[in-house]
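Below: the structure, in structure tokens.
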Amino acid sequence: MTLTIEEKKERKTAYMRVWRATHKEQNTANRKAYEQSHREEIRERRRVYSRLWRTENKELLRQLKAAEYQRHKESIRARQAEYYQQNADRIKAVVNAYRLSHLEKKKAGDAAYYLTHGDERRIAASVYYYSHLKEVSASNKARRLANPDKEREYSYRRRTGKNSNIIQAVKLGAVMQRDRMICGICHKRVARKGLSFDHIVPLSKGGTHAEWNLQVSHLRCNMRRGAGRIPAQMRMAL
Ligand SMILES: [Zn+2]
31 MTLTIEEKKE
41 RKTAYMRVWR
51 ATHKEQNTAN
61 RKAYEQSHRE
71 EIRERRRVYS
81 RLWRTENKEL
91 LRQLKAAEYQ
101 RHKESIRARQ
111 AEYYQQNADR
121 IKAVVNAYRL
131 SHLEKKKAGD
141 AAYYLTHGDE
151 RRIAASVYYY
161 SHLKEVSASN
171 KARRLANPDK
181 EREYSYRRRT
191 GKNSNIIQAV
201 KLGAVMQRDR
211 MICGICHKRV
221 ARKGLSFDHI
231 VPLSKGGTHA
241 EWNLQVSHLR
251 CNMRRGAGRI
261 PAQMRMAL
């Protein structure tokens, strides 16, 4: 009897099925041997195929990733936080190194951004300021406590108004060394703890915030003297 092409195909398929079932182990071994000896070739083929697939299915891929993220949001975030915790120093070092090596670029970028978004930024900043008054003042206070010398400098600048009578960067260390930690008002020794710097001609009387117009003083002496006093040179030590 003669078979049609379909019948022949069917018979062959059935035969193959039986053959596969009876030679399972041998086939598996063969496949593994092939994969072993063609490892690189297989990998490369997969890479090429995967790249092609990704370029052809960008949108689908994006959707899949987003869905995946939504499904596992909590655990992904927890894992990221944990990773950050364990590698905080290393991550900070990398970020810092990047910042340092891209400083100029960032400055240029920031300047350009401010030019085009200045008003927006100012409005956003003041909205933030007024809606976070407590936080802002807490963080300002923390910063002041952490950088007392800087804060002193800023405070002088504020009190001098437009920074106009600042003629040089003041090195308080130099004033301390010059005055040998002796209070210019009571002429007694000043400990680091109660240390203050007195403007000989008060800033409010147009005095300059400069080393030559500063003297080491006790905080309490400085405060007792206040801003409305006569210049120190004309005053007798108590
Ligand atoms: Zn004193």
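Everything in the sequence shown is counted per the numbering used here, starting at 31 for the first residue and increasing by one.
Just so it is clear, CB atoms sit at the ideal spot from N, CA and C, and this is done for glycine as well.
Quick caveat: nothing in here was measured; it's all calculated off a predicted structure.
Just checking I215 against ligand 1 - is the residue's beta carbon closer than 6 Å to any of the ligand's heavy atoms? yes
Going along the chain, which residues of its own chain have a beta-carbon closer than 8 Å to the beta-carbon of N243, five neighbours each way excluded? H229, I230, V231 and G237
Cβ-heavy atom distance between H248 and ligand 1 below 6 Å? yes
Go ahead and label S247 buried or exposed: buried means 16 or more other beta carbons lie within 10 angstroms of its beta carbon, across all protein chains shown. buried
Reducing DSSP to helix, strand and coil, say where L33 ends up. coil
Give the C-beta separation of Y99 and I106 to the nearest angstrom, bearing in mind that I take them to be a contact with Cβ-Cβ under 8 Å. 6 Å
Residues that DSSP places opposite L225 in a beta bridge: H248
Hey, N252 and S234: beta-carbon distance below 7 Å or not? no
Under the DSSP definition of a beta bridge, which residues are partnered with I212? R219
If you compare alpha carbons, which of Q207, R254, R188 and E183 is closest to C216? R254
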